[in-house]
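S.K.: Each residue of the sequence shown is one higher than the last, beginning at -17 in our numbering.
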Amino acid sequence: MSISRSDPLVVGRVVGDVLDPFTRLVSLRVTYGHREVTNGLDLRPSQVLNKPMVEVGGDDLRNFYTLVMVDPDVPSPSNLHLREYLHWLVTDIPATTGTAFGKFNNSLNSHRPSKKL
-17 MSISRSDPLV VGRVVGDVLD PFTRLVSLRV TYGHREVTNG LDLRPSQVLN KPMVEVGGDD
43 LRNFYTLVMV DPDVPSPSNL HLREYLHWLV TDIPATTGTA FGKFNNSLNS HRPSKKL
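(1) Taking only three categories from DSSP, how would you classify Val(-4)?
(2) Alpha carbon to alpha carbon, what distance is there between Tyr47 and Leu25?
(3) Please confirm whether Gly80 and Thr73 have their CB atoms less than 8 Å apart.
(4) Does the region 31 to 50 come close enough to the region 2 to 16 that 3 or more CB-CB pairs lie under 8 Å?
(5) Helix or strand or just coil, what does DSSP make of Lys98?
(6) Does the distance from the CB of Asn21 to the CB of Leu(-9) come in under 8 Å?
Okay, here's the thing in structure tokens:
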């Protein structure tokens, strides 16, 4: 099923600014404690001290996914070079599991783009 114009990711301009249009193939659920993360949800730093619980759908453990958690308007939504902040990256997440089964890469935690010479 392709993403619709009323999808929160489209309305919130995540699709277009951060992501190209896409077709959802599996479900994804992210929670901090008992709060499910949805587009536009504001969370205080004290609420996100620990990694979230992530559940990846699907039905075939031979399929692997990558999860990229970014904030598209930090630290400066008006400065195109400082618009997107990478919080964390998890690769090789098997379908039907969560990030605990993937590989974490925290070395990319920077909002500064490389300088072009």
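Every residue gets a Cβ at the ideal spot worked out from N, C-alpha and C, and that includes glycine.
M.R.: Quick look at the numbers:
(1) Looking at Val(-4) - three-state DSSP - the assignment turns out to be helix.
(2) Distance between the alpha carbons of Leu25 and Tyr47: 25 Å.
(3) No, they are not a contact pair.
(4) By the C-beta criterion, the region 2 to 16 is judged to be in contact with the region 31 to 50, since at least 3 inter-stretch pairs fall below 8 Å.
(5) In this prediction, Lys98 scores a pLDDT of 46, lower than 50, which makes its location untrustworthy; no coordinate-derived value is stated.
(6) The criterion of a C-beta distance shorter than 8 Å is satisfied by Asn21 and Leu(-9).
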